[in-house]
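When the letters of the first sequence are read in order and numbered with our numbering, they come out as residues 9 to 111. Each residue gets a CB set at the ideal place from its N, CA and C atoms; glycine is no exception. All figures in this text were calculated on a predicted structure; none of them were measured in a lab. Input: a single structure, listed below in structure tokens.
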Amino acid sequence: MEKNYFEQVYEAVRQVPHGRVSTYGIIADYLALGSARMVGWALNHCKPHDQVPAHRIVNRNGELTGRNHWPHPDMMAQLLESEGVKVKNNKVVDLEKVLWRPV
DNA sequence: CACTTGACAACAA
DNA sequence: CTTGTTGCCAAGT
Numbered sequence: 009m010e011k012n013y014f015e016q017v018y019e020a021v022r023q024v025p026h027g028r029v030s031t032y033g034i035i036a037d038y039l040a041l042g043s044a045r046m047v048g049w050a051l052n053h054c055k056p057h058d059q060v061p062a063h064r065i066v067n068r069n070g071e072l073t074g075r076n077h078w079p080h081p082d083m084m085a086q087l088l089e090s091e092g093v094k095v096k097n098n099k100v101v102d103l104e105k106v107l108w109r110p111v
């Protein structure tokens, strides 16, 4: 069963452990299917039904670029902090400490 | 089929 | 900080 690109991205994103974050480039590299744009594009289509921790996906600099697309812009940062990921000025603090990569 | 858009990455200036 | 370029590839128009 070949899944849509969204679902492939979702699977990769779901592998990000709690309290960690990942980047579009990492997800794209993990999938080895497309590019970082595809990840953002897929996450843009993500719905609550998909149960995808999109708040754990930040750009390469650790900035919460996607928060503008959330129901409430502060929700993304709030969720991250709730998981132990500190966010400051729309960026992840200690990014390298929480940055997760596929094994 | 052609063109545009997009939650990007990476680099240059 | 901004602006520009190139690469990437699916979906929408």
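Beyond the five residues adjoining it in sequence on each side, residue 98 comes within less than 6 angstroms, by CB distance, of 71, 72 in the same chain, given in chain order. Going by beta carbons, residue 36 and residue 42 fall inside the 9 angstroms limit.
Here the alpha carbons of residue 77 and residue 94 stand approximately 20 angstroms from one another. The residue among 90, 105, 39, 45 with its C-alpha nearest the C-alpha of residue 74 is 45.
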